[in-house]
Amino acid sequence: MNDRILGIHHVTAIATDPQTNLDFYAGLLGLRLVKKTVNFDDPRTYHLYYGDETGSPGTILTFFPWPGARRGSRGAGQTTATAFAIPEGTLPWWRRRLEAAGVILAEPTRRWGQEVQPLLDPDGLLLELVEDPLAAVRRPWSEGPVGEAQAIRGFHGVTLLEADATDTLDLVHGTMGFEILGEDGERTRLRIGREGDPGLHLDIVDRPGEALGRVAAGSVHHVAWRVAGDEEELAWRRRLTAAGLGVTPVQDRQYFHSIYFREPGGVLFEIATDTPGFDLDESVAELGSGLQLPPWYEPRRGEIEASLPELGAPVVPAAVEP
Ligand code: ZN
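Counting in numbering that gives the first Met the number 0, the sequence shown runs from 0 upward without gaps.
Now the structure itself:
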């Protein structure tokens, strides 16, 4: 298949307060705010995109911050963990930084020989930092508050939790082309894409009897897988439809084009194009600096800006080391 899936494009999650979200992801984790726009389906809500310098596919975590939204619960049919890749040997540095900022760290673990540190964001979203020997080959965003030696190098992967993973495994392995790397108890690890790129891992946890989770604040809304462009996306739309899945028409998300479908276990998947990218309406130097609206909302800019909560520059917690 020359229209193959290349790994994670982005992960989109739900938050509450936008400033708290910005302070955590840009101020503490050191990601770059690469785009400040609105939820295209609800323009009175921000859509914040974090990533590397240019918002490369495989580095982008996005949020819909709904102030006051109730908290979701982790369970089956959900993306229950989002893992970032960090260079080998940097976990002790990260633990000190996160602990100094009062972040809740869970028990560290090892998976497939790699050190994993789970942590919670301010809305309870489960993240993981994974020491990945290939992370250091990628160039991070290094003009933020985290230096180049430690900076996050995009995603390592995501974990899905399923009450019965059989059909999900059939889809991702049989139809979507993920390679099975191994099994460890209830966890199956799969991989897709080019070695060295970010976001190549998919873990599926099969836990019979697990209750369905509720997607709300502190949960992942969907995971987007990347393809090169529109032609590849249309090929995937035909292939997934032929496999019996209900796939949406192509949606124009301005910085990429998207189709959506639910995998058999209930997790919302998207397939998104690498093109056109985030420098469509701002130069790389200016990414994230102004509120960007798609052309169809531009005539309503005044009304939209007035309805959005205030959002200043990210605050770096004073207690943490540089
Ligand atoms: Zn998306």
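Every residue, glycine too, gets a C-beta built ideally from N, C-alpha and C.
As the structure is a computational prediction, the values presented were derived from the model and not from experiment.
**Prompt:** Just how far apart, CA to CA, sit Val157 and Gly6?
**Reply:** Here residue 157 refers to the residue found at position 158 of the sequence shown. Here residue 6 refers to the residue found at position 7 of the sequence shown. In a straight line, the C-alpha of Val157 is about 11 Å away from that of Gly6.
**Asked** Since Gly228 contacts Glu161 with CB under 8 Å, what's their CB separation in whole angstroms?
**Response** Counting from one through the sequence shown, the residue named residue 228 turns up at place 229. Counting from one through the sequence shown, the residue named residue 161 turns up at place 162. A Cβ-Cβ separation of about 31 Å leaves Gly228 out of contact with Glu161 under the 8 Å criterion.
**Prompt:** In chain order, what residues of the same chain have a beta carbon less than 7 Å from the beta carbon of Ala68, not counting five sequence neighbours either side?
**Reply:** Along the sequence shown, read from residue 1 onward, the residue named residue 68 stands at position 69. Excluding positions up to five away in sequence, the list reads Ile13, Thr15, Ala215, Ala216.
**Message:** Just checking His335 against the ligand ZN - is the residue's beta carbon closer than 7 Å to any of the ligand's heavy atoms?
**Reply:** For the chain, the structure presents residues 0 to 321; residue 335 sits outside this window and is missing.
**Request:** Give me the Cα-Cα distance between Ala148 and Gly88, rounded to the nearest whole angstrom.
**Result:** As a working mapping, residue 148 is identified with position 149 in the sequence shown. As a working mapping, residue 88 is identified with position 89 in the sequence shown. Distance between the alpha carbons of Ala148 and Gly88 is about 10 Å.
**Message:** Can you tell me where the alpha helix (DSSP H) holding Arg95 begins and where it ends?
**Reply:** Indexing the sequence shown from 1 puts residue 95 at position 96. Unbroken alpha helix (DSSP H) run through Arg95: 90-99.
**Item:** Beta-carbon proximity list for Leu47, same chain, < 7 Å, skipping 5 on both sides
**Value:** Translated into the one-based positions of the sequence shown, residue 47 becomes position 48. If you ignore the 5 residues before and after Leu47, its C-beta comes within less than 7 Å of the C-beta of Pro17, Asn20, Leu21, Leu32, Lys35, Thr61, Phe62, Pro64, all in its own chain and listed in chain order.
**Message:** Taking contact to mean 3 or more Cβ pairs, one atom from each stretch, closer than 8 Å, check whether the stretch 266-283 and the stretch 220-238 are in contact.
**Reply:** Yes, since at least three Cβ pairs between the stretch 266-283 and the stretch 220-238 fall closer than 8 Å, the two stretches touch.
**Asked** Between the C-alpha atoms of Ile203 and Leu168, what's the straight-line distance to the nearest angstrom?
**Response** What you label residue 203 is simply residue 204 of the sequence shown in a count that begins at 1. What you label residue 168 is simply residue 169 of the sequence shown in a count that begins at 1. Rounded to whole angstroms, Ile203 and Leu168 show a C-alpha spacing of 8 Å.
**Prompt:** Taking C-beta to C-beta, are Leu97 and Leu124 nearer than 8 Å?
**Reply:** Residue 97 sits at position 98 when you count from the first residue of the sequence shown. Residue 124 sits at position 125 when you count from the first residue of the sequence shown. At least 8 Å separates the beta-carbon of Leu97 from that of Leu124.
**Item:** For Leu211: DSSP bridge partner residues
**Value:** Numbered from 1 along the sequence shown, position 212 holds the residue referred to as residue 211. Note: Leu211 sits in a beta bridge opposite Ala75.
**Asked** Would DSSP call Trp140 helix, strand or coil?
**Response** For this step, residue 140 is matched to residue 141 along the sequence shown. Here Trp140 sits in coil by DSSP.
**Message:** Quick check: what's the CA-CA separation for Gly362 versus Asp2?
**Reply:** Look at the range of the chain in this structure, 0 to 321, and you will see that residue 362 is not part of it.
**Message:** Alpha carbons only, please: which of Arg138, Gln113, Ala75 is nearest the one belonging to Asp51?
**Reply:** Taking the sequence shown and counting its residues from 1, one reaches residue 51 at position 52. Of the listed residues, the one whose Cα sits closest to Asp51 is Arg138.
**Request:** May I have the straight-line CA-CA distance separating Val102 from Ala242, to the nearest angstrom?
**Result:** Position 103 of the sequence shown holds residue 102. Position 243 of the sequence shown holds residue 242. Those two C-alpha atoms are separated by around 43 Å.
**Asked** Below 8 Å between beta carbons: does that hold for Phe260 and Leu244?
**Response** The residue you call residue 260 lines up with position 261 of the sequence shown. The residue you call residue 244 lines up with position 245 of the sequence shown. Closer than 8 Å, so yes.
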